[in-house]
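In the numbering used here, the protein residues as written are 1 to 118.
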């Protein structure tokens, strides 16, 4: 059974920084794409950033230049460094991985809440 566990959310003032972490555990052969999504109140879930196994990254336009995604393959972890946070970044952030066990399947974490407010 594969599980994803996020951590690092919390309350931060506008302009501040947070670092989210997500650790995958279970019978994992390898992890392909690792992504962060977010869902704000009353809005649909949206992709924030993605990093492929090759290291290629993708960012939503709304976070380019402010957020940085990275991964540690040895620890089956993905990170999201969030700088210059804005009120509109407030959301529940979810980790999403394509994991081979060896069958390839998509997994979600339970989410971690990020609130940007004074």
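No residue lacks a Cβ here, since even glycine has one placed at the ideal position from N, Cα and C.
Source: prediction; values computed, not measured.
Under the three-state reduction of DSSP output, residue 50 falls in the strand class.
Per DSSP, reduced to three states, the secondary structure at residue 88 is helical. Taking C-alpha positions only, residue 71 is separated from residue 28 by approximately 15 Å.
The beta carbons of residue 85 and residue 21 sit no closer together than 8 Å.
A distance below 6 Å between beta-carbons, with the five flanking residues on each side excluded, links residue 78 to the following residues of its chain, in chain order: 22, 34, 71.
Note: residue 2 is not bridge-paired with any residue in the DSSP secondary-structure output. For residue 71, the secondary structure class from DSSP, reduced to helix, strand or coil, is strand. Between residue 13 and residue 87, the alpha-carbon positions lie close to 8 Å from each other. Excluding residues up to 5 positions away in sequence, 112, 113, 114 lie with their Cβ nearer than 6 Å to the Cβ of residue 9 in the same chain.
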